[in-house]
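Residue numbers (my numbering): 84 to 241.
Right under this line is the structure:
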C-alpha cells in the first residue's frame, strides 16, 4: 500500500506542476475517459480472465486509487507534454520512451508489498509492451476528438 500512496501523490503533484496545454475541461474529460476505459479493460482482463489484479483478486476497494487517481494523472502528464506539433519521428520516439517508462513502473509495482500492488496471473510483461502503445494511441485519439469538438463549440458560439 505504501507504493500506491507514494505513486498517487507523486504523479498527481507532477500533473499539477507540469506546464498546462490541456484546458480544465479537457483534463476532466481525459480523467473520466481514462478511469472508464481502464475499468472496462480491467473488467475483462482482470476480473473475467484473471490476467492480473491489484492487491487482491476480484473486486477490491484498494484498487480504486489506481483507477481514479494514478492512471488519469499519468495520462494528463502524457498529453500535456506530448509533442503534438513535432515531426512524426519525434512523436514515435515519445511513444517508445513512454512505453519504456510505463513498463519500468510496472516492474516496480510487481515488488512485494508494501511497495508493490500489482500481481500477474497469465499476463506477462511483454503483453504490456505490446498493448501500451495502442492504449496511448487511443488516449491521444480521444484527446484530439475532444479538442476538435471543443473548437467546434467555440466557433459556433462566435
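Beta carbons are placed, not taken as given, at the ideal position from N, Cα and C, and that holds for glycine.
May I have the straight-line CA-CA distance separating residue 134 from residue 160, to the nearest angstrom?
Near 27 Å, if we compare the C-alpha coordinates of residue 160 and residue 134.
DSSP three-state assignment for residue 172, whether helix, strand or coil
Residue 172: helix per DSSP, three-state reduction.
Starting from residue 136 and walking both ways along the beta strand (DSSP E), at which residues does that stretch end?
Its beta strand (DSSP E) spans residues 135-137.
Exposure label - residue 176; buried when at least 16 CB within 10 Å
By the 10 Å Cβ count, residue 176 comes out exposed.
Contact between the region 162-177 and the region 123-131: three or more CB pairs below 8 Å?
Here the region 162-177 does not lie against the region 123-131, with fewer than 3 beta-carbon pairs under 8 Å apart.
Would you please state the rounded distance, in angstroms, between the beta carbons of residue 130 and residue 141? I believe it to be under 8 Å.
Going by Cβ atoms, the distance from residue 130 to residue 141 rounds to 7 Å, so yes, they are a contact pair.
Quick check on residue 108: buried or exposed, where buried means 16 or more other Cβ atoms within 10 Å of its Cβ?
Answer is exposed; the Cβ neighbour count stays below 16.
Could you check the C-alpha separation between residue 186 and residue 203 for me, to the nearest Å?
Rounded to the nearest angstrom, the two C-alpha atoms are 14 Å apart.
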